[in-house]
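These notes are about the structure you will find just below.
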Amino acid sequence: MNIHLVHPLDSTTQEISFKALPPLSLYIHIPWCVRKCPYCDFNSHEAREALPEQEYVAALVRDLELALPQIWGRKVYTIFIGGGTPSLFSAQAMEQILSAVRMLLPLDHGAEITLEANPGTVEADKFAGFRDAGVNRLSLGIQSFNDTHLKALGRIHDASQARGAVEIAQQHFASINLDLMYGLPQQTQAEAAQDVQAALEFAPQHLSCYNLTLEPNTLFHRYPPALPDDDLCSVMQQDIEQILSTHGYQHYETSAFAQPKKQARHNLNYWQFGDYLGIGAGAHSKLSFPDKVLRQVRYKQPQAYLQQVKQGVPVQTEHAVKREELPFEFMMNALRLNQGFADVLFAERTSLSLLLIRRELEQAEQRGLIERGLQRIAPTELGRHFLNDLLQIFLRK
Numbered sequence: 211m212n213i214h215l216v217h218p219l220d221s222t223t224q225e226i227s228f229k230a231l232p233p234l235s236l237y238i239h240i241p242w243c244v245r246k247c248p249y250c251d252f253n254s255h256e257a258r259e260a261l262p263e264q265e266y267v268a269a270l271v272r273d274l275e276l277a278l279p280q281i282w283g284r285k286v287y288t289i290f291i292g293g294g295t296p297s298l299f300s301a302q303a304m305e306q307i308l309s310a311v312r313m314l315l316p317l318d319h320g321a322e323i324t325l326e327a328n329p330g331t332v333e334a335d336k337f338a339g340f341r342d343a344g345v346n347r348l349s350l351g352i353q354s355f356n357d358t359h360l361k362a363l364g365r366i367h368d369a370s371q372a373r374g375a376v377e378i379a380q381q382h383f384a385s386i387n388l389d390l391m392y393g394l395p396q397q398t399q400a401e402a403a404q405d406v407q408a409a410l411e412f413a414p415q416h417l418s419c420y421n422l423t424l425e426p427n428t429l430f431h432r433y434p435p436a437l438p439d440d441d442l443c444s445v446m447q448q449d450i451e452q453i454l455s456t457h458g459y460q461h462y463e464t465s466a467f468a469q470p471k472k473q474a475r476h477n478l479n480y481w482q483f484g485d486y487l488g489i490g491a492g493a494h495s496k497l498s499f500p501d502k503v504l505r506q507v508r509y510k511q512p513q514a515y516l517q518q519v520k521q522g523v524p525v526q527t528e529h530a531v532k533r534e535e536l537p538f539e540f541m542m543n544a545l546r547l548n549q550g551f552a553d554v555l556f557a558e559r560t561s562l563s564l565l566l567i568r569r570e571l572e573q574a575e576q577r578g579l580i581e582r583g584l585q586r587i588a589p590t591e592l593g594r595h596f597l598n599d600l601l602q603i604f605l606r607k
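Take any residue in the sequence shown, count from 1 to its spot, add 210: that is its number in this note's numbering.
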């Protein structure tokens with residue numbers, strides 16, 4: 211998509227003014243899971259009783275209808291159905307959701323439609339139905355192929371179920387992502403490498419490898435397990451990067467690895483500061499308009515969300531991003547990409563000139579955290595390893 215600015219930019223008096231809007235994605239949140247994992251800080255809730263599947267599907271459709279005036283006429287290029295564990299819902303529910311999306315929105319013919327799923331026989335049996343509903347990419351939350359570590363993480367599946375789920379998924383989907391974690395309680399360097407080697411037996415198109423962190427408001431944060439120290443986690447990360455590079459995977463984002471041309475298009479839109487509409491309990495949105503950028507958050511608790519949708523007001527909070535905040539928000543996403551971003555992308559996605567942050571760019575370059583080519587800005591290896599320090603430079607006090 212070619213996006214051009216309306217007029218030359220003034221670095222001191224410039225206001226937000228888009229001539230064309232960024233690509234648009236759709237995120238759909240399904241908040242329930244079988245069991246809340248002790249490390250998880252996502253908006254997920256244990257399903258202690260029968261799920262209100264039909265009521266929630268109807269709420270999602272109504273939520274989308276209410277949002278239409280804000281995205282009217284804009285094509286959707288990717289859809290991501292996340293959670294929670296969206297695969298707890300039936301294939302029929304997914305068909306209802308995606309049919310409504312096609313009816314209400316202009317969906318790109320080649321749209322990437324991703325569904326998150328957790329291993330286990332119940333979910334795996336549904337894979338064919340999810341594919342028939344229109345899902346063309348599956349993201350499996352494996353986390354580890356080691357039974358001891360899966361138990362420590364509070365996962366409801368074991369290594370055998372994980373392998374079985376991948377095998378079944380490959381029968382139905384041409385594009386698969388496997389989520390793995392390292393830096394797990396009592397995990398050794400060799401065990402972290404073994405998990406990646408186990409995943410490579412399936413040659414998935416995409417791998418996401420996350421370092422376990424103790425997030426606030428989680429059980430692990432309240433009762434911290436014994437984790438590998440930072441130095442060992444760094445060695446684990448280096449091993450993972452080396453192993454995947456040897457097998458032809460491109461390390462294109464902080465935690466993401468892909469076979470050539472198999473990057474996650476939905477996540478790339480996030481990292482390139484594209485737009486996204488989020489529907490469902492607790493979903494976030496970032497939407498651009500000719501003269502502003504809005505951020506929204508839906509009501510978080512499922513029952514509150516259902517009630518608010520009935521009243522026609524699913525959005526709990528909404529605010530316009532301040533002009534001076536846009537550079538940091540852009541960099542917070544774009545500098546996660548190992549190849550960085552083209553100079554012109556900053557102006558296209560913020561409507562601002564790079565001249566506004568010339569001092570910050572110079573400081574980051576002098577500290578060896580970024581490299582600046584003729585038309586591209588990218589984090590150096592040092593910048594990738596100290597990303598928080600790099601981003602602090604662009605945070606306006």
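C-beta atoms are modelled at their ideal positions from N, C-alpha and C, and glycine is treated no differently.
Beta-carbon within less than 8 Å of residue i's beta-carbon, same chain only, minus the 5 sequence neighbours each way: which residues are those?
i	result
proline 218	Because the pLDDT of proline 218 is 37, which lies under 50, any placement of that residue in the model is unreliable, and the question is left without a value.
isoleucine 608	Missing from the structure shown is residue 608; the chain here goes from 211 to 607 and no further.
serine 455	His461
glutamate 263	Phe299, Ser300 and Ala303
Please go through the same chain and pick out, in chain order, the residues whose beta-carbon is closer than 6 Å to the beta-carbon of residue i, but skip the five residues on each side of it.
i	result
aspartate 273	Ile489, Val519 and Pro524
serine 561	Ile226, Ser227 and Phe228
valine 345	Ile323 and Leu325
isoleucine 289	Leu236 and Ile323
glutamine 506	Ser495, Val525 and Glu528
arginine 546	Glu463, Thr464 and Trp481
leucine 394	His359 and Leu422
phenylalanine 412	Val376
isoleucine 285	The sequence shown places lysine at residue 285, not isoleucine. Answer for lysine 285: Pro316 and Asp318, listed in chain order.
Grab me the residues of residue i's own chain with a C-beta within less than 7 Å of its C-beta, minus the 5 sequence neighbours each way, in chain order.
i	result
alanine 334	Gly374, Ala375 and Ile378
leucine 155	Limits of the chain in this structure are 211 at one end and 607 at the other, which puts residue 155 out of reach.
alanine 343	Ala301, Met304, Glu305 and Leu308
Output the distance between the C-alpha atoms of residue i and residue j, rounded to the nearest integer angstrom.
i	j	result
alanine 402	glutamine 521	49 Å
phenylalanine 556	glutamate 259	47 Å
leucine 215	serine 563	Low confidence applies to leucine 215: its pLDDT is 35, below 50, so where it sits in the model is not reliable enough to give any reading.
glutamine 473	phenylalanine 467	8 Å
threonine 358	aspartate 599	35 Å
alanine 530	lysine 502	7 Å
alanine 338	alanine 514	33 Å
proline 232	glutamate 558	8 Å
arginine 582	arginine 347	35 Å
glutamine 511	glutamate 575	44 Å
proline 537	aspartate 368	44 Å
leucine 597	glycine 283	37 Å
tyrosine 287	leucine 437	39 Å
cysteine 443	lysine 471	28 Å
valine 271	isoleucine 307	7 Å
threonine 398	aspartate 441	12 Å
arginine 594	tyrosine 392	18 Å
alanine 230	phenylalanine 483	14 Å
methionine 541	aspartate 251	23 Å
Kindly give me the distance between the Cβ atoms of residue i and residue j, rounded to whole angstroms, as I take these residues to be in contact under 8 Å.
i	j	result
arginine 453	cysteine 419	Sequence inspection shows isoleucine at residue 453; the arginine mentioned does not correspond to that position. The Cβ separation is near 10 Å, so there is no contact.
isoleucine 291	threonine 324	7 Å
leucine 363	glutamine 353	6 Å
phenylalanine 383	arginine 341	6 Å
leucine 350	leucine 388	5 Å
leucine 579	threonine 590	6 Å
leucine 234	leucine 278	About 12 Å; that fails the 8 Å criterion.
alanine 157	leucine 516	Outside the shown range of the chain, which is 211 to 607, sits residue 157, and nothing can be said about it.
Pick out whichever of the options has its Cα sitting closest to the Cα of residue i.
i	options	result
histidine 461	His255, Leu579 and His416	His416
histidine 239	Gln396, Ala514, Ala491 and Ala544	Ala491
methionine 446	Glu425, Pro470 and Gln407	Gln407
glutamine 302	Lys336, Tyr433 and Asp485	Lys336
alanine 544	Ser349, Ala413 and Leu601	Leu601
isoleucine 603	Tyr486, Asp251, Arg586 and Leu571	Leu571
glutamate 275	Leu487, Leu429 and Gly320	Leu487
arginine 508	Asn253, Pro248 and Leu234	Asn253
threonine 295	Trp242, Leu261, Tyr249 and Ala493	Trp242
serine 300	Val311, Lys285, Leu261 and Ala321	Leu261
Is residue i helix, strand or coil by DSSP?
i	result
phenylalanine 596	coil
histidine 461	strand
alanine 493	coil
alanine 324	The sequence given here places threonine at residue 324; alanine does not occur at that position. Reduced to three states, the DSSP call for threonine 324 is strand.
serine 498	strand
serine 385	coil
glutamine 448	helix
cysteine 247	coil
glutamate 256	strand
valine 523	coil
glycine 293	strand
tryptophan 282	coil
phenylalanine 340	helix
valine 406	helix
glutamine 576	helix
serine 455	helix
valine 345	coil
Can you determine whether any heavy atom of the ligand GDP sits closer than 7 Å to the C-beta of residue i, and answer yes or no?
i	result
valine 345	By its list of ligands, the structure shown contains no ligand whatsoever, and the ligand GDP lies outside what it can speak to.
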